[in-house]
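Residue numbers for the sequence shown follow numbering that gives the first Met the number 0, beginning at 0 and rising by one.
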Amino acid sequence: MNRNKALLDSLMGLGRDMSKKEKAKSEPEFLKDEVCKHFLVGYCPGKTLGREIEAVRVEFDPHSVIAPCTKLHSVGIRTDFQNHKDYQKYLSRWEESLASLLDKGVREADDKVAREMRRHTEGIAPMVDQDRLCESCGYKYKL
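Following this line, the structure appears as structure tokens:
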């Protein structure tokens, strides 16, 4: 039942049961907290990368700035957002937020690579025969 409701929400929006008069009086759906603003502007890193980052996280690693996204990713709401009169105002605000989040994610990855490289050069975490270090990104992987 919840999957059906989520599918309808993603296709038709949260206010699919509201009349046109009620929709006109209420605030736009894309402004609600349960809607992913990054998805509205084009890309949600939490939806695409969040689970993968959490899956490869080691027990003592800090949580990533790109957490799995649990908000609503609705194509219907995105269309409403693109047709809204204040589209450019919200778009620029949320694009800045997305750019900031992606910059933090890149810095976090660079810091992790530098930390792992330092650990291996100092001999703190010697590589085992089966461990290899990726030359392009610096992550350790097993064969």
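For every residue, glycine included, the Cβ atom is placed at its ideal position computed from N, Cα and C.
{"query": "Extent of the continuous alpha helix (DSSP H) to which residue 86 belongs", "result": "86 to 121"}
{"query": "Closest Cα partner of residue 69 within the set 81, 84, 36", "result": "36"}
{"query": "With 16 other Cβ atoms within 10 Å as the buried cut-off, status of residue 63", "result": "buried"}
{"query": "Contact check, residue 34 vs residue 71, beta carbons under 8 Å", "result": "yes"}
{"query": "Limits of the unbroken alpha helix (DSSP H) element including residue 77", "result": "74 to 81"}
{"query": "Segment contact flag, the stretch 91 to 100 with the stretch 36 to 53, C-beta cutoff 8 Å, min 3 pairs", "result": "yes"}
{"query": "Helix, strand or coil at residue 71 [DSSP, three-state]", "result": "strand"}
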